[in-house]
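Working notes for the structure below.
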């Protein structure tokens with residue numbers, strides 16, 4: 223096991239209430255770069271959660287800076303309900319709490335094509351509840367003594383057809399809606415709103431492309447660039463994204479909107 227992960231697992235696995243530890247994020251998916259951090263999910267049962275103070279005591283000897291600590295439950299919001307931003311051996315390590323009861327409910331709903339979009343700090347596109355399903359699907363278990371993550375993983379593959387259909391319907395429609403709002407904002411020269419609508423359109427487009435390819439979208443960061451590499455994608459997507467943001471930065475709203483409309487038309491052709 224990776225030395226950093228070994229230190230984290232050794233420190234946390236003895237704690238009562240820690241049901242499972244997993245490696246998530248880009249390192250679990252094999253897309254990490256040299257500057258990528260470590261995302262470690264801490265899963266617990268809602269009726270027997272771990273003690274946060276015990277967790278804090280266990281992790282302090284492992285981190286570079288003892289002043290770095292972990293949060294209480296719910297401190298970061300309802301969908302990222304706590305964790306810690308830490309450094310171990312000079313590398314950034316994020317701990318993220320996950321309630322197994324809620325994760326089970328989300329997976330059951332998503333398998334039926336039901337999901338919600340929610341406000342969550344750090345997610346400008348919004349936090350899609352199906353992210354929790356995708357996290358389970360793509361994570362690498364580090365400590366799973368009762369097989370709870372393994373059991374849930376079995377419910378995430380194959381990619382649910384009902385979820386695919388609903389994601390395409392919901393976000394495919396919103397791409398054009400966001401572009402229309404950007405066009406209205408362009409008439410008034412509202413550059414912030416234009417940029418926000420463009421971001422929304424691109425994020426929705428990425429949701430559709432991920433679903434078409436049977437991939438779980440875990441985070442909107444880098445999603446468009448990743449979607450451009452998939453078998454089912456839009457030709458020139460990565461270049462169009464770069465050109466779009468250059469246009470907006472240069473104040474060329476007409477050029478940016480033209481690029482967005484072109485992407486939308488290509489997406490409709492894929493869905494036809």
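In the working numbering, the protein residues as written are 223 to 494. Idealized CB from N, CA, C, for every residue including glycine.
Exposure of residue 300 is indicated by the presence of fewer than 16 other C-beta atoms within 10 angstroms of its C-beta. If you look at residue 393, you'll find it isn't in any beta strand (DSSP E); it sits in the alpha helix (DSSP H) that goes 383-409. Counting of Cβ neighbours within 10 angstroms places residue 330 among the exposed residues, the total staying below 16. Counting along the chain, residue 225 sits inside the alpha helix (DSSP H) bounded by residues 225-234. Of the candidates 351, 234, 263, the residue whose Cα lies closest to the Cα of residue 248 is 263.
A Cβ-Cβ separation of about 5 Å places residue 266 in contact with residue 239 under the 8 Å criterion. With a 10 Å radius around the Cβ and a threshold of 16 neighbouring Cβ atoms, residue 387 comes out exposed.
Per DSSP, the continuous alpha helix (DSSP H) segment holding residue 475 begins and ends at 475-493.
A check of alpha carbon separations from residue 475 across 402, 302, 233 identifies 402 as the nearest.
Secondary structure at residue 463: helix, using DSSP grouped into helix, strand and coil. Annotated three-state conformation of residue 336 is coil, per DSSP.
For residue 277, the enclosing alpha helix (DSSP H) starts and ends at 274-281. Assigned with DSSP and collapsed to three states, residue 318 falls in strand.
Note: residue 243 is bridge-paired with 264, 365 in the DSSP secondary-structure output. DSSP, read as helix, strand or coil, puts residue 313 in strand. Distance check between residue 348 and each of 242, 486, 433, 423 places 423 closest, using alpha-carbon atoms only. With fewer than 16 other CB atoms across the displayed protein chains lying within 10 angstroms of its CB, residue 451 is exposed.
The C-beta distance from residue 406 to residue 332 rounds to 33 Å, too long to meet the 8 Å contact threshold. With contacts defined by Cβ atoms closer than 8 Å, residue 233 and residue 280 form a contacting pair. Under DSSP, residue 350 shares a beta bridge with 339. For residue 463, the CB contacts under 6 Å within the same chain, skipping 5 residues up- and downstream, are 446 in chain order.
Inclusion of residue 321 and residue 307 in the CB contact set at 8 Å is not warranted, their separation being larger than that value. A distance below 6 Å between beta-carbons, with the five flanking residues on each side excluded, links residue 319 to the following residues of its chain, in chain order: 264, 303, 304, 305. Residue 242 and residue 366 have their C-alpha atoms spaced approximately 5 Å apart.
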